[in-house]
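Asker: Numbering (the numbering used here), first residue to last: 1372 to 1679. Backbone N, C-alpha and C fix where the C-beta goes; we use that ideal spot for every residue, glycine too. Take a look at this one; I'll ask things after.
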């Protein structure tokens, strides 16, 4: 068995307008653009990475913004909410900040002893802020958000499934423990301090989700680089169909759809986002992996303008 995952590495979602996406995640939510690249499987589309100051695993929310994307529908077979961790006592600040930005959050709610503030991004992607006293210190970026209230990274994700048990068993074998349950919601917790929660909401009658703007593309978990082949075999042994190990430049990845069809990625912590840019210059320019560099002019000409 490979070493248990400590939690999330990153979450990738689909957006529409890249400029609007950039402004919301940097100016409204106060994250840093740590990598501006392209979708390596479709180089006509940006891949934008937002995170803490250095792009620490467990803090990185990334997007494929398709300018012509149709709206998706959140539903079964998807990650149906992404939750960020903020310090206890921060939600009044965030309610006011989101309202000032034209975002109307829902009323705060209690969930397993935590206070949760739900809202959506400009494409309708369901997001949550979870306020906790044990929110860890972080290498926070300079942003319009005061450090006392700033997002620390991920709290976790919610998966919407028509059947919870097979995925729950997979999470347990990955290193999660079932720690709570409330009706149709089960909570699984890993041992990391960021991105350590996966909730599964089970509804056998739920409509299938439809990919598109405002939906999650995949959920990535942290794994050790020297165990990638073990993780791949782990998935094969459980009847899943993983990809080969793929070099994404900043991490290496294995992908597989779990039993409820959510796309899981197993991504390494290293080499990280500073492998091709200095720390203080992260996100300043379009970065391409070396195998795409000879197509730079063509790729840049095909991308929409993105002003910072």
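1) Skipping 5 residues on each side, what residues in its chain have a beta carbon closer than 6 Å to that of residue 1617?
2) Given a cut-off of 9 Å, decide if residue 1581 and residue 1450 are closer than it, judged by their beta-carbon atoms.
3) Distance check for residue 1493 and residue 1391, CA to CA, integer angstroms please.
4) By how many angstroms is the C-alpha of residue 1525 removed from the C-alpha of residue 1461?
5) At 3 residues or longer, what runs of the beta strand (DSSP E) sit wholly inside the region 1577-1657?
6) What is the C-beta distance between residue 1565 and residue 1657, in whole angstroms, given that I count them as a contact (C-beta under 8 Å)?
7) State the Cα-Cα distance for the pair residue 1483 and residue 1619, rounded to the nearest angstrom.
8) Secondary structure at residue 1390, three-state DSSP: helix, strand or coil?
9) Give the single residue among 1423, 1558, 1436, 1425 whose Cα lies nearest to the Cα of residue 1388.
10) For residue 1573, name the three-state secondary structure that DSSP assigns.
11) Since I believe residue 1384 is in contact with residue 1586 (beta carbons under 8 Å), could you give me their beta-carbon distance rounded to a whole number of angstroms?
12) Is residue 1372 buried or exposed, if buried means 16 or more other CB atoms sit within 10 Å of its CB?
13) Specify the secondary structure class of residue 1553 as computed by DSSP and reduced to three states.
14) Report yes or no: do the region 1431-1446 and the region 1403-1421 share at least 3 C-beta pairs separated by less than 8 Å?
15) Under the rule that 16 or more other beta-carbon atoms within 10 Å means buried, what is residue 1408, buried or exposed?
16) Can you check whether the CB of residue 1568 is closer than 9 Å to the CB of residue 1560?
17) Would residue 1428 pass as a contact of residue 1379 if the rule is Cβ separation under 9 Å?
18) Can you tell me whether residue 1662 is buried or exposed, with buried defined as 16 or more other CB within 10 angstroms of its CB?
19) Give me the residue from 1629, 1543, 1641, 1584 with the minimum Cα distance to residue 1442.
20) Taking residue 1610 and residue 1532 to be in contact with their CB atoms under 8 Å, please state how far apart those CB atoms are, rounded to whole angstroms.
21) Quick one: Cα of residue 1497 to Cα of residue 1534, how far?
22) Of the residues 1544, 1545, 1381, 1574, which one's Cα is nearest the Cα of residue 1554?
23) By a C-beta neighbour count over all protein chains shown, 10 Å radius and 16 as the cutoff for buried, is residue 1431 buried or exposed?
24) Considering only residues of the same chain and omitting the five flanking positions on each side of residue 1595, which have a CB-CB separation below 8 Å?
25) Give the single residue among 1510, 1495, 1513, 1520 whose Cα lies nearest to the Cα of residue 1501.
26) Compare the beta carbon distance of residue 1644 and residue 1636 with 9 Å and say whether it is the shorter of the two.
27) Look at the alpha carbon of residue 1488 and the alpha carbon of residue 1515, and state the distance between them as a whole number of angstroms.
28) Taking C-alpha atoms, which residue in 1674, 1678, 1679 lies nearest to residue 1410?
29) At what residues does the beta strand (DSSP E) containing residue 1667 begin and finish?
30) Could you tell me if the beta carbon of residue 1675 falls within a distance shorter than 8 Å of some heavy atom in the ligand HEM?
31) What separation, rounded to the nearest whole angstrom, lies between the Cα atoms of residue 1598 and residue 1578?
32) Using the beta-carbon count (16 or more within 10 Å), is residue 1593 buried or exposed?
33) Would residue 1655 pass as a contact of residue 1679 if the rule is Cβ separation under 9 Å?
Answerer: On the basis of the coordinates in this document:
1) Within the chain shown, numbered from 1, the residue matching residue 1617 stands at position 246. Cβ neighbours of residue 1617 beyond the five flanking positions: 1624.
2) Sequence index remark: in the chain shown, residue 1450 carries index 79 (1-based). Sequence index remark: in the chain shown, residue 1581 carries index 210 (1-based). Against a cut-off of 9 Å, the Cβ pair of residue 1581 and residue 1450 comes out as no contact.
3) Position 20 of the chain shown, counted from the first residue, corresponds to residue 1391. Position 122 of the chain shown, counted from the first residue, corresponds to residue 1493. In a straight line, the C-alpha of residue 1391 is about 8 Å away from that of residue 1493.
4) Start at 1 with the first residue of the chain shown, and residue 1461 comes out as number 90. Start at 1 with the first residue of the chain shown, and residue 1525 comes out as number 154. One C-alpha to the other measures close to 15 Å.
5) 1586-1594, 1623-1628, 1634-1639
6) For the purposes of this step, residue 1565 is taken as residue 194 along the chain shown, with counting starting at 1. For the purposes of this step, residue 1657 is taken as residue 286 along the chain shown, with counting starting at 1. Contact flag wrong, Cβ pair sits at about 28 Å.
7) To locate residue 1483, count along the chain shown from 1; it is residue 112. To locate residue 1619, count along the chain shown from 1; it is residue 248. Distance between the alpha carbons of residue 1483 and residue 1619 is about 36 Å.
8) Taking the chain shown and counting its residues from 1, one reaches residue 1390 at position 19. Helix, per DSSP.
9) For the purposes of this step, residue 1388 is taken as residue 17 along the chain shown, with counting starting at 1. Comparing Cα-Cα distances from residue 1388 to each of 1423, 1558, 1436, 1425, the minimum goes to 1436.
10) As a position in the chain shown, residue 1573 is number 202, starting the count at 1. Correct three-state label for residue 1573: strand.
11) Position 215 of the chain shown, counted from the start, is the residue given in the question as residue 1586. Position 13 of the chain shown, counted from the start, is the residue given in the question as residue 1384. Confirmed, Cβ separation roughly 7 Å.
12) Position 1 of the chain shown, counted from the start, is the residue given in the question as residue 1372. It is exposed - the Cβ of residue 1372 has fewer than 16 other Cβ atoms within 10 Å.
13) For this step, residue 1553 is matched to residue 182 along the chain shown. The answer is strand: DSSP assigns residue 1553 an E or B state.
14) yes
15) The sequence position of residue 1408 within the chain shown is 37, counting from 1. So residue 1408 ends up on the buried side.
16) Here the question's residue 1560 lines up with position 189 in the chain shown. Here the question's residue 1568 lines up with position 197 in the chain shown. Contact: yes.
17) Locating residue 1428 in the chain shown gives position 57, where the first residue counts as 1. Locating residue 1379 in the chain shown gives position 8, where the first residue counts as 1. Yes. Within cutoff.
18) Along the chain shown, read from residue 1 onward, the residue named residue 1662 stands at position 291. Looking at its Cβ environment, which holds fewer than 16 other Cβ atoms inside 10 Å, residue 1662 is exposed.
19) Position 71 of the chain shown holds residue 1442. Answer by Cα proximity: 1584.
20) For this step, residue 1610 is matched to residue 239 along the chain shown. For this step, residue 1532 is matched to residue 161 along the chain shown. Contact flag wrong, Cβ pair sits at about 17 Å.
21) As a first step, residue 1497 is located in the chain shown; it is residue number 126 there, counting from the start. As a first step, residue 1534 is located in the chain shown; it is residue number 163 there, counting from the start. The alpha-carbon atoms of residue 1497 and residue 1534 are separated by roughly 21 Å.
22) Locating residue 1554 in the chain shown gives position 183, where the first residue counts as 1. The option with the nearest alpha carbon to residue 1554 is 1574.
23) The residue given as residue 1431 occupies position 60 in the chain shown. With 16 or more Cβ atoms within 10 Å of its Cβ, residue 1431 is classed as buried.
24) In the chain shown, residue 1595 corresponds to position 224, counting from 1. Hits under 8 Å: 1373, 1374, 1639, 1640.
25) To locate residue 1501, count along the chain shown from 1; it is residue 130. Closest by alpha carbon: 1520.
26) As a working mapping, residue 1644 is identified with position 273 in the chain shown. As a working mapping, residue 1636 is identified with position 265 in the chain shown. No, these two residues do not count as a Cβ contact at 9 Å.
27) For the purposes of this step, residue 1488 is identified with residue 117 of the chain shown, where counting begins at 1. For the purposes of this step, residue 1515 is identified with residue 144 of the chain shown, where counting begins at 1. Spanning the two alpha carbons is a distance of roughly 20 Å.
28) In the chain shown, counting from the first residue as 1, residue 1410 sits at position 39. Among 1674, 1678, 1679, the Cα nearest to that of residue 1410 belongs to 1674.
29) Position 296 of the chain shown, counting from 1, holds the residue named residue 1667. Per DSSP, residue 1667 belongs to no beta strand (DSSP E); it is in the alpha helix (DSSP H), 1667-1673.
30) As presented, the structure is devoid of all ligands, the ligand HEM included, so that no description of it is given.
31) Here the question's residue 1598 lines up with position 227 in the chain shown. Here the question's residue 1578 lines up with position 207 in the chain shown. C-alpha separation (whole angstroms): 36 Å.
32) Along the chain shown, read from residue 1 onward, the residue named residue 1593 stands at position 222. When all chains shown are included, residue 1593 counts as buried.
33) Counted from its first residue, the chain shown places residue 1655 at position 284. Counted from its first residue, the chain shown places residue 1679 at position 308. Contact: yes.
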